[in-house]
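Visitor:
2 protein chains.
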Amino acid sequence: MVRLLVVEDEVRLAAALQRGLQAEGFAVDVAATGPAGLDAARHGGYDAMILDVMLPGLSGYELVRRLRAEEHWLPVLMLSAKDGEYDQADGLDCGADDYLTKPFSYVVLLARLRALLRRGAPQRPAVLTVGDLRLDPARRRVTRADAEVALTAREFALLDYLMRRPGQVVSKIELLDHVWDASLETAPNAVEVYVGYLRRKLGRDRLETVRGAGYRLAT
Amino acid sequence: MVRLLVVEDEVRLAAALQRGLQAEGFAVDVAATGPAGLDAARHGGYDAMILDVMLPGLSGYELVRRLRAEEHWLPVLMLSAKDGEYDQADGLDCGADDYLTKPFSYVVLLARLRALLRRGAPQRPAVLTVGDLRLDPARRRVTRADAEVALTAREFALLDYLMRRPGQVVSKIELLDHVWDASLETAPNAVEVYVGYLRRKLGRDRLETVRGAGYRLAT
DNA sequence: CGGCGTCCTCAGCGTGTTCACAGCGCCGAG
DNA sequence: CTCGGCGCTGTGAACACGCTGAGGACGCCG
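Order-wise, the sequence lines are chains Z and W.
Just so we're on the same page, this note's numbering is the position in the first sequence counted from 1, plus 20.
Just so we're on the same page, this note's numbering is the position in the second sequence counted from 1, plus 20.
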């Protein structure tokens with residue numbers, strides 16, 4: 021499953037992109053602001069990003085620059101209403117991999133996107149990393165300090181969810197909603213049980229419990 | 021009808037903005053000082069605010085910070101003569117949604133404003149900061165002078181409520197209503213007890229008691 | 001059909017949290 | 001100075017929360 025991040029503040033365009041790309045078989049997440057996009061790109065384990073230049077909070081240019089400065093090599097396809105030579109040059113200079121001006125043909129977008137994915141990013145780690153924990157969503161593999169850890173489906177889903185929110189407190193209800201899908205039918209105790217399993221396999225202190233609030237993955 | 025609030029003390033610029041934006045079909049009110057702007061933003065039911073940083077009475081940074089602390093999520097476009105990266109970062113950290121440096125192009129202002137309105141009000145609870153106290157709701161972490169402070173659920177909720185109203189006197193009844201949810205069943209003494217706990221952990225002089233009225237978080 | 005792995009419930013236990021209580025100190029009024 | 005009221009705090013008991021081992025239900029595979 022190829023995972024894409026669309027950073028676009030115009031709601032209709034974002035929704036259209038999401039629908040279209042999902043129909044092509046991509047998993048698509050959308051961020052609506054510069055800061056939100058930067059954060060998602062940092063931690064989300066995406067295969068590529070489609071990035072608008074005009075964003076609230078942080079421009080697309082600045083977003084790519086910061087991303088590259090932090091040595092994230094995620095392929096970036098920039099979208100812009102401007103079409104001056106200078107603007108394109110600016111975008112590419114900032115570290116984008118390709119540049120498309122609005123209005124653009126959807127077919128062209130798809131073609132360029134595929135080209136980008138084919139090319140890939142040389143140094144790209146398509147895995148989530150937190151401390152010495154690594155989780156590869158595609159291969160469904162988890163390693164801790166380079167040693168493989170065998171997880172069941174549920175354990176994997178739980179760890180996956182937590183690793184996408186490192187350092188944040190996640191409530192049991194939230195976990196039931198997103199990892200279990202059926203919060204009403206499952207007792208919150210199930211979460212405690214599975215946190216226990218993960219702790220046994222990953223180390224006692226990786227998962228902090230915040231009494232009365234939820235759990236937090238230590239960064 | 022889209023309603024805008026312009027907070028700008030420079031009369032000529034304020035008038036020019038008002039005229040220009042009205043010509044675009046917006047309803048525009050102007051406030052000339054920080055306190056007046058804060059008050060208008062609180063109670064005016066505006067769709068967005070254009071906010072100068074340099075203001076008499078209360079800086080634009082501080083204004084946004086207070087607004088966000090009170091959980092008003094009105095889109096804010098900041099205007100500033102400074103253009104250092106740090107100033108921008110400061111503005112955005114305080115909770116502004118976009119930032120424009122003077123002198124700015126009127127067309128750019130309009131475009132950004134529209135982008136802001138398109139997106140609507142953000143649901144972004146940033147970190148609360150009062151003095152050297154920092155409270156991060158998402159991570160559920162509290163630090164005092166960069167040292168982490170461990171709080172129980174109740175202590176955290178109490179501090180959270182007070183930090184959203186820095187410098188204001190909050191009565192025990194109000195605290196029982198909002199932090200305890202069951203004011204009838206709990207004695208007001210519980211508040212005194214927990215204020216005591218917080219004082220022990222955060223420092224004696226952070227929480228002032230206003231005899232006969234309530235408590236106030238020192239700014 | 002039996003063995004196996006996974007998922008989840010259940011009940012008991014330890015522990016941290018919450019809060020009532022009561023005595024005391026401080027502050028302001030008279 | 002005295003007195004009353006308000007707020008502070010140490011003590012302790014009830015309680016809620018989260019952890020864990022045991023085990024039942026279910027599906028899968030030989």
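Here a beta-carbon is modelled for each residue, glycine too, at the ideal position from N, C-alpha and C.
1) Apply the 10 Å Cβ neighbour rule to Pro76 of chain W and answer buried if 16 or more other Cβ atoms are within range, or exposed otherwise.
2) What residues from chain W crowd round Gln188 of chain Z, counting only those whose CB sits closer than 7 Å?
3) Can you give the Cα-Cα distance for Pro95 of chain W and Met21 of chain W, rounded to whole angstroms?
4) Taking just the CA atoms, how far does Glu175 of chain Z sit from Val124 of chain W?
5) How far does the beta strand (DSSP E) with Arg236 of chain W in it extend, from its first residue to its last?
6) Ordered along the chain, which non-local residues of its own chain (more than five positions away) have a Cβ less than 6 Å from that of Leu195 of chain Z?
7) Hey, does Thr149 of chain Z have any beta-carbon neighbour from chain W nearer than 9 Å?
8) Let me see if you follow: with CB-CB separation under 9 Å, is Gln143 of chain Z close to chain W or not?
9) Tell me the DSSP secondary structure of Glu168 of chain W in three-state form.
10) Three or more beta-carbon pairs under 8 Å between the stretch 58-77 of chain W and the stretch 158-175 of chain W, yes or no?
11) Let's test the definition: count the other Cβ atoms within 10 Å of the Cβ of Arg17 of chain Z and tell me whether it reaches 16, buried, or not, exposed.
12) Look up Thr163 of chain W in the DSSP assignment and give the residues it is bridged to.
13) Let me know the secondary structure DSSP gives Tyr66 of chain Z once reduced to three states.
14) Could you check the C-alpha separation between Ala34 of chain Z and Ala238 of chain Z for me, to the nearest Å?
15) Should Ala51 of chain Z go down as buried or exposed, given a rule of 16 or more other Cβ atoms within 10 Å for buried?
16) Is the CB-CB distance between His63 of chain Z and Pro186 of chain Z below 9 Å?
17) Taking 6 Å as the limit between beta carbons, can you name the residues of its chain near Gly54 of chain Z, skipping five residues before and five after?
18) When burial is assigned at 16 or more other CB atoms within 10 Å of the CB, is Tyr126 of chain W buried or exposed?
19) What are the residues of the stretch 40-64 of chain W that lie near chain Z, defined by any Cβ-Cβ distance shorter than 8 Å?
20) Could you check the C-alpha separation between Ala131 of chain W and Leu97 of chain W for me, to the nearest Å?
21) Applying the 10 Å Cβ sphere with the 16-neighbour rule, what's the burial state of Gly216 of chain W?
22) In the DSSP assignment, what residue or residues form a beta bridge with Gly228 of chain W?
23) For Met21 of chain Z, decide whether its Cβ has a neighbour in chain W, counting only Cβ atoms nearer than 9 Å.
24) Answer yes or no: do Leu155 of chain W and Asp118 of chain W have a C-beta to C-beta separation smaller than 9 Å?
25) Starting from the C-beta of Gly57 of chain W, find all residues in its chain whose C-beta is less than 8 Å away, skip the five residues before and the five after it, and write them out in chain order.
26) What does the Cβ neighbour count give for Arg201 of chain Z, buried or exposed, with the cut at 16 atoms within 10 Å?
27) Of the residues Z:Leu218, Z:Ala36 and Z:Gln188, which one's Cα is nearest the Cα of Thr172 of chain Z?
28) From Ala177 of chain Z to Tyr235 of chain Z, what does the alpha carbon distance come to, in whole angstroms?
29) Ala173 of chain W touches chain Z at which residues, Cβ-Cβ below 7 Å?
30) Over what stretch of residues does the alpha helix (DSSP H) that includes Leu182 of chain W continue unbroken?
31) Assuming contact is defined by CB atoms lying nearer than 9 Å, are Ala158 of chain W and Gln188 of chain Z in contact in what I supplied?
32) According to DSSP, is Leu75 of chain Z helix, strand or coil?
33) Between the Cα of Glu44 of chain Z and those of Z:Ser100, Z:Arg23 and Z:Gly151, spot the shortest distance and give me the residue it belongs to.
34) Between the alpha carbons of Ala61 of chain W and Ala89 of chain W, how many angstroms are there, rounded?
35) Tell me the rounded alpha-carbon separation between Leu99 of chain W and Asp225 of chain W.
36) So is Pro132 of chain W in contact with chain Z if we call contact Cβ pairs under 9 Å?
Guide: On the basis of the coordinates in this document:
1) Stepping through the second sequence from its first residue, residue 76 of chain W is reached at position 56. Exposed, by the Cβ-count rule.
2) Mapped onto the first sequence, residue 188 of chain Z falls at position 168. Near Gln188 of chain Z (Cβ distances below 7 Å), the residues of chain W are Ala158 and Arg159.
3) In the second sequence, counting from the first residue as 1, residue 95 of chain W sits at position 75. In the second sequence, counting from the first residue as 1, residue 21 of chain W sits at position 1. C-alpha separation (whole angstroms): 16 Å.
4) In the second sequence, the residue the question calls residue 124 of chain W occupies position 104. In the first sequence, the residue the question calls residue 175 of chain Z occupies position 155. Reading the sequence as shown, one finds Phe at residue 124 of chain W and not Val. For Phe124 of chain W and Glu175 of chain Z, the distance between alpha carbons rounds to 53 Å.
5) Mapped onto the second sequence, residue 236 of chain W falls at position 216. Note, Arg236 of chain W: beta strand (DSSP E), Gly234 to Leu237.
6) The residue given as residue 195 of chain Z occupies position 175 in the first sequence. Correct list, in chain order: Val211.
7) Residue mapping note: residue 149 of chain Z aligns to position 129 of the first sequence, counting from 1. Not an interface residue.
8) Residue numbering aside, residue 143 of chain Z sits at position 123 when the first sequence is read from its first letter. Low per-residue confidence applies at Gln143 of chain Z: pLDDT is 42, beneath 50, and the placement is therefore not dependable enough to give any value.
9) As a first step, residue 168 of chain W is located in the second sequence; it is residue number 148 there, counting from the start. Reduced to three states, the DSSP call for Glu168 of chain W is strand.
10) no
11) With chain Z covering 21 to 239 only, the question about residue 17 of chain Z has no answer from this structure.
12) Translated into positions along the second sequence, residue 163 of chain W becomes position 143. Partner(s): W:Arg154 and W:Glu168.
13) Start at 1 with the first residue of the first sequence, and residue 66 of chain Z comes out as number 46. The answer is coil: DSSP assigns Tyr66 of chain Z none of H, G, I, E or B.
14) Start at 1 with the first residue of the first sequence, and residue 34 of chain Z comes out as number 14. Start at 1 with the first residue of the first sequence, and residue 238 of chain Z comes out as number 218. In a straight line, the C-alpha of Ala34 of chain Z is about 33 Å away from that of Ala238 of chain Z.
15) By one-based count along the first sequence, residue 51 of chain Z stands at place 31. Buried: at least 16 other Cβ atoms inside 10 Å.
16) Position 43 of the first sequence holds residue 63 of chain Z. Position 166 of the first sequence holds residue 186 of chain Z. For His63 of chain Z and Pro186 of chain Z, yes; Cβs fall inside 9 Å.
17) The residue you call residue 54 of chain Z lines up with position 34 of the first sequence. Excluding positions up to five away in sequence, the list reads Leu75, Gly77, Leu78 and Leu83.
18) As a position in the second sequence, residue 126 of chain W is number 106, starting the count at 1. Classification for Tyr126 of chain W: exposed.
19) none
20) Indexing the second sequence from 1 puts residue 131 of chain W at position 111. Indexing the second sequence from 1 puts residue 97 of chain W at position 77. Cα to Cα, the separation comes out at about 11 Å.
21) Counted from its first residue, the second sequence places residue 216 of chain W at position 196. When all chains shown are included, Gly216 of chain W counts as exposed.
22) Walking along the second sequence from the start, residue 228 of chain W turns up at place 208. For clarity, residue 228 of chain W is Glu in the given sequence; the question names Gly instead. According to DSSP, Glu228 of chain W bridges with W:Arg236.
23) Taking the first residue of the first sequence as position 1, residue 21 of chain Z is located at position 1. So, not an interface residue.
24) Your numbering for residue 155 of chain W matches position 135 in the second sequence. Your numbering for residue 118 of chain W matches position 98 in the second sequence. Their beta carbons are not under 9 Å apart, which means Leu155 of chain W does not touch Asp118 of chain W by this criterion.
25) The residue given as residue 57 of chain W occupies position 37 in the second sequence. Taken in chain order, the residues that qualify are Leu25, Val27, Ala51, Met69, Leu71, Leu75, Leu78 and Leu83.
26) The residue given as residue 201 of chain Z occupies position 181 in the first sequence. A quick correction: the sequence has Asp, not Arg, at residue 201 of chain Z. So Asp201 of chain Z ends up on the exposed side.
27) Translated into positions along the first sequence, residue 172 of chain Z becomes position 152. Of the candidates Z:Leu218, Z:Ala36 and Z:Gln188, the one whose C-alpha sits nearest the C-alpha of Thr172 of chain Z is Z:Leu218.
28) Indexing the first sequence from 1 puts residue 177 of chain Z at position 157. Indexing the first sequence from 1 puts residue 235 of chain Z at position 215. Rounded to the nearest angstrom, the two C-alpha atoms are 15 Å apart.
29) Here residue 173 of chain W refers to the residue found at position 153 of the second sequence. Result: Arg231, Gly232 and Ala233.
30) Position 162 of the second sequence, counting from 1, holds the residue named residue 182 of chain W. First-last of the alpha helix (DSSP H) with Leu182 of chain W: Ala173 to Met183.
31) Residue 158 of chain W sits at position 138 when you count from the first residue of the second sequence. Residue 188 of chain Z sits at position 168 when you count from the first residue of the first sequence. Their beta carbons are under 9 Å apart, which means Ala158 of chain W touches Gln188 of chain Z by this criterion.
32) If you number the first sequence from 1, residue 75 of chain Z lands on position 55. Leu75 of chain Z: coil per DSSP, three-state reduction.
33) Within the first sequence, the letter at position 24 stands for residue 44 of chain Z. Closest by alpha carbon: Z:Arg23.
34) As a first step, residue 61 of chain W must be located in the second sequence, where it is residue number 41. As a first step, residue 89 of chain W must be located in the second sequence, where it is residue number 69. Near 13 Å, if we compare the C-alpha coordinates of Ala89 of chain W and Ala61 of chain W.
35) Counting from one through the second sequence, the residue named residue 99 of chain W turns up at place 79. Counting from one through the second sequence, the residue named residue 225 of chain W turns up at place 205. If you take the alpha carbons of Leu99 of chain W and Asp225 of chain W, they lie about 36 Å apart.
36) Position 112 of the second sequence, counted from the start, is the residue given in the question as residue 132 of chain W. One point to set straight first is that residue 132 of chain W is Arg, not Pro, in the sequence displayed. Answer yes: the Cβ-Cβ gap between Arg132 of chain W and chain Z drops below 9 Å somewhere.
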